Each structure stands twice: as structure tokens, then as C-alpha cells.
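**Student:** In the numbering used here, the protein residues as written are 489 to 592. Just so you know, even glycine gets a beta-carbon here, dropped at the ideal spot from N, CA and C. Small disclaimer: the values here were computed from a predicted structure and weren't measured.
(1) Strictly by DSSP, which residues pair up with residue 577?
(2) Looking at residue 589 and residue 550, is the spacing between their C-beta atoms short of 9 Å?
(3) Candidates 522, 554, 507 and 583: which alpha carbon is nearest residue 567's?
(4) Bridge partners for residue 558 per DSSP, in chain order?
(5) Flag this pair as touching only if the region 559–576 and the region 511–526 have three or more C-beta atom pairs under 8 Å; answer yes or no.
(6) So, residue 548 versus residue 526, is the Cβ gap smaller than 9 Å?
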């Protein structure tokens, strides 16, 4: 829109010439949703014990061990030094060398 909004009667001409309208590039696609971990604080395996050995790994996680090596432990339990995760009530413990937890 071009507009001359001069309020008085004098010549307040506005010259418009060689107008070029460029169509911009389309907006970029929205970013992908953030990567979300399932059960990141190991709260989906609640129990009333101080710790539980997880035969198939914690819910949402896979482990690589041939035997049970992952424990979901409650914060403050003495077998793991009374540690606290700082998030939620539980944390995971990987006991064996070369054990890992993963999500795919």
C-alpha cells in the first residue's frame, strides 16, 4: 500500500515508480519434534523395595547383557551408598562391565 496522508492543501506529491514485488522463499519447514526418551528417570518401574533387578532392562530401555545386570534403585538406599538421583524416586544401576542401556 502506498499512501499520501498529508493533511494540508499544499502540493505534497509522492512519486511512486518502478515498483518491484519479490515473492520471498517459502518459510522453512517446522523443526522436527524434540527427541524424547521414554522413562528417562526410571519412574515407570515403581516398586516398594529398595532396588529391583530388571531382567529385561527398565521399561522403555534395552540392555546388552546376557544376564541380569541392571537394577532400578530407589533414592537413598544403602546398597548403593545412599545416593539420590535428584530427579524422581529412582535411578538405574548398571553393574557389569561393558553393560549399556539404550533406546532406539
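**Tutor:** A quick look at the data gives this:
(1) Paired residues: none, contrary to the question.
(2) yes
(3) 583
(4) 582
(5) no
(6) yes
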